[in-house]
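For what it's worth, numbering that gives the first Met the number 0 labels the leading residue of the sequence shown as 0, then goes sequentially.
Structure first, commentary second.
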Amino acid sequence: MDAWSALIWFLVSLTTLALFSRWLSGLVQGVGWLLFRDERAVFLLTYVVFLPGILIHELSHWAVAWLLGMRPRQFSLWPKLRGRRVEMGSVRVRSGGTLRDSLTGLAPLLVGSLIILLVSYRIFDAAPLQQAWQRGGFGAAWDVFWAAFGVPNAWLWAYLVFAVSNAMFPSSSDRRPLLPLLLYVAITGLFFYLIGWLPRLVIPADMMAQASGALRTLTTAFAFTIALDILIALPLLAMQFLLVPLRSE
Numbered sequence: 000m001d002a003w004s005a006l007i008w009f010l011v012s013l014t015t016l017a018l019f020s021r022w023l024s025g026l027v028q029g030v031g032w033l034l035f036r037d038e039r040a041v042f043l044l045t046y047v048v049f050l051p052g053i054l055i056h057e058l059s060h061w062a063v064a065w066l067l068g069m070r071p072r073q074f075s076l077w078p079k080l081r082g083r084r085v086e087m088g089s090v091r092v093r094s095g096g097t098l099r100d101s102l103t104g105l106a107p108l109l110v111g112s113l114i115i116l117l118v119s120y121r122i123f124d125a126a127p128l129q130q131a132w133q134r135g136g137f138g139a140a141w142d143v144f145w146a147a148f149g150v151p152n153a154w155l156w157a158y159l160v161f162a163v164s165n166a167m168f169p170s171s172s173d174r175r176p177l178l179p180l181l182l183y184v185a186i187t188g189l190f191f192y193l194i195g196w197l198p199r200l201v202i203p204a205d206m207m208a209q210a211s212g213a214l215r216t217l218t219t220a221f222a223f224t225i226a227l228d229i230l231i232a233l234p235l236l237a238m239q240f241l242l243v244p245l246r247s248e
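Okay, here's the thing in structure tokens:
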């Protein structure tokens, strides 16, 4: 049951982070429109805000495509308007079939998750966050979250996590081959299934405990990122609140 609980919380945190990503992108664009009232300026603002994440997103595509022998080409990091859709960057590759295309589309999510995990634990020491939540609930966890910002260059690292987390999810073209987000979840679920959830396999209990712990670690890193997104969204919401009456006059 502990393994199932770890998987469920992981899925909840991943889904919540994906929804926040979509919402924050819209919030940045909304504030940009209130400030400039120019479509191109809004695109440029969104591009600048999420640039580190966009760079890592496209480099992940390129690296995995190259490793899989798909001959990546036409690497671009400049926003382009394609119909009603904005393309913040692109990597053109020849198709390698459903599996290789899906793995290439999935690359930014895997690389982004790894970066979030490393920064959350190595820089901000997010490990006490889960313990604080279990001991004292939201209040205790929030105190631990704030305390994490005592590290040098905290806001620079926070910005990196913000940009990466909000640019790592698959675009519509990335999802086309095989819904990479679902593949990511399936790979994670299969991993835990193979190490102990298949009854005929005899797997040491300590291995299951370690696997569940690893999943909880990633969930905590995602929870830390969600809290960070909320913190960064507050001034954007305040700007939107102040600008709407001014623009309506």
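Idealized CB from N, CA, C, for every residue including glycine.
- DSSP places V163 in the uninterrupted alpha helix (DSSP H) bounded by A153 to S164.
- Within the same chain, Cβ atoms closer than 6 Å to the Cβ of L235 are found at L26 and V30, the five residues on either side in sequence being excluded.
- When the Cα atoms are used, T97 and L43 turn out to be separated by approximately 33 Å.
- Here S89 carries a strand assignment [DSSP, helix/strand/coil].
- When DSSP reads this structure, R72 sits in a beta bridge with R91.
- By the 16-neighbour rule on beta-carbons within 10 angstroms, T14 is exposed.
- Inclusion of L34 and L242 in the CB contact set at 9 Å is warranted, their separation being smaller than that value.
- Cβ contact annotation for F19 (same chain, cutoff 7 Å, sequence separation greater than five): I225 and D228, in chain order.
- In this model, Q130 and L230 are separated by some 21 Å (Cα to Cα).
- Between the beta-carbon of F221 and that of S94 there is about 32 Å, and that puts the pair past the 8 Å contact cut.
- Using a Cβ-Cβ distance cut-off of 8 Å, the stretch 39–57 and the stretch 158–170 are in contact, since at least three pairs of beta carbons, one from each stretch, lie closer than that value.
- Between V118 and Q73, the alpha-carbon positions lie close to 30 Å from each other.
- Setting aside the 5 residues that flank it on each side, F123 is surrounded in the same chain by A147, each with a C-beta closer than 6 Å to its C-beta; the list follows chain order.
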